[in-house]
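Heads up, the sequence shown is in the numbering used here, so the first residue is 21 and it goes up one at a time. The beta-carbon is built from N, C-alpha and C at its ideal position, and this holds for glycine as well. Notes to accompany the following structure.
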Amino acid sequence: MTLPAYSTAAEIATLIDMVSRELILELKRPVRIAVSGAQGCGKTTACKAFAAGNPRVAHFSLDDIYLATAERKALAANVSPLFKVRGPPGSHDLELGKRTLVKLKDARAQDMTPLPRFDKLEDRRVPANEWPVFKGTANVVLVDGWCMGATPEPAETLEMPVNDLELDEDENGAWRAYANAQLEGAYADFFGRFDLFITIQAPSFDVVPQWRLEQEATLRKLTIDAVPPEVKINIARFVQYYERITRHMLAGGRRAEWVVRLGEDRTILGIDGPS
21 MTLPAYSTAA EIATLIDMVS RELILELKRP VRIAVSGAQG CGKTTACKAF
71 AAGNPRVAHF SLDDIYLATA ERKALAANVS PLFKVRGPPG SHDLELGKRT
121 LVKLKDARAQ DMTPLPRFDK LEDRRVPANE WPVFKGTANV VLVDGWCMGA
171 TPEPAETLEM PVNDLELDED ENGAWRAYAN AQLEGAYADF FGRFDLFITI
221 QAPSFDVVPQ WRLEQEATLR KLTIDAVPPE VKINIARFVQ YYERITRHML
271 AGGRRAEWVV RLGEDRTILG IDGPS
């Protein structure tokens, strides 16, 4: 099925609403939906828009369950220094994610379920006593994340670096091999707990650095031109941590029942779903 082009990315929320209603009718139970997409594509914004208008929708992001700073430092010491930076598979607390899913599933009408949060600007997990809470039972649990549904790459494709970061700082391939093993193991288990996947597909990886810069400007409440030069340099480096898996997902290395195709300006060109 191919739906016509849409004028605004806000229509993604309408898609989530439509597919969740259909899935609830089909499965006759509450559902879990995952939304993936490259950095800056608007996935979190769309999910928040959908959840805000639906009191029976619980939403959190893969970004909200990053490992604590101390845990990432330990991973960096034991596997690769590149794990000091959050983002790739291996840097998330999937046990926290699974516990949250279970609590939401088991919640009764008057229960209050804390939803994890992570402060990106401070690069730290928000204290648990400051997390927002979801009251009652959820008909839809919505989790968005850049690599939700990603599949592991064949081992032989890991040998060739895809960018300067991998070439210069992952010479032995330990970092990318560990991330790939995580996709094959713990992340596959986590993704297997979801009923349906929607991916918001960028036209190519080439747009991601600019999208990420725009996202950072929004976080800092600045115009693009006002973003400090050193931040722009950091972003250019930062997106390299995501490049390999993003390219793999754009080439089809992910689970997705629905694909939202974006143009360079994030205009929705079309939406492809099951036949």
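Item: Rounded to whole angstroms, how far is the Cβ of Asp84 from the Cβ of Arg137, which I believe are closer than 8 Å?; Value: 5 Å
Item: Pick out whichever of Ile265, Met38 and Ala175 has its Cα sitting closest to the Cα of Asn183.; Value: Ile265
Item: Ignoring anything shorter than 4 residues or poking outside the region 106 to 171, list the alpha helix (DSSP H) runs there in chain order.; Value: 114 to 126
Item: Taking one C-beta from the region 144 to 152 and one from the region 28 to 41 each time, how about it: are there three or more such pairs within less than 8 Å?; Value: no
Item: I'd like the list of long-range same chain contacts for Arg213, defined as Cβ closer than 8 Å, with 5 residues on each side in sequence excluded.; Value: Arg52, Lys118 and Leu121
Item: Determine contact between the region 126 to 133 and the region 101 to 113, defined as no fewer than three beta-carbon pairs at a distance below 8 Å.; Value: no
Item: Would you mind reading off the limits of the alpha helix (DSSP H) that contains Val279?; Value: Careful: Val279 lies outside any alpha helix (DSSP H), inside the beta strand (DSSP E) at Trp278 to Leu282.
Item: With a Cβ-Cβ cutoff of 7 Å, do Leu116 and Ala170 count as a contact?; Value: no
Item: Below 6 Å CB to CB, which residues in the same chain sit around Ala58 once its five sequence neighbours on both sides are set aside?; Value: Ala222, Val228 and Thr266
Item: Could you spell out the range, first to last residue, of the beta strand (DSSP E) harbouring Phe217?; Value: Leu216 to Gln221
Item: Would you say the region 189 to 201 touches the region 235 to 251, given that touching needs at least three Cβ pairs under 8 Å?; Value: no
Item: Under the DSSP definition of a beta bridge, which residues are partnered with Phe80?; Value: Val163
Item: Could you tell me whether the Cβ atoms of Trp278 and Ile218 are closer together than 7 Å?; Value: yes
Item: Helix or strand or just coil, what does DSSP make of Ile286?; Value: The identity of residue 286 in the sequence shown is Arg, whereas the question assumes Ile. Correct three-state label for Arg286: coil.
Item: In its own chain, which residues sit with a C-beta less than 8 Å from the C-beta of Phe225, not counting the 5 before and 5 after it?; Value: Ala58, Glu263, Thr266, Arg267 and Leu270
Item: Would DSSP call Ser100 helix, strand or coil?; Value: coil
Item: Work out the CA separation of Val247 and Tyr207 for me, nearest whole Å.; Value: 34 Å
Item: With 16 other CB atoms within 10 Å as the buried threshold, where does Lys140 fall?; Value: exposed
Item: Since Val55 sits in a beta bridge, which residues does DSSP pair it with?; Value: Asp164 and Ile218
Item: Go ahead and pull the three-state DSSP assignment for Asp190.; Value: coil
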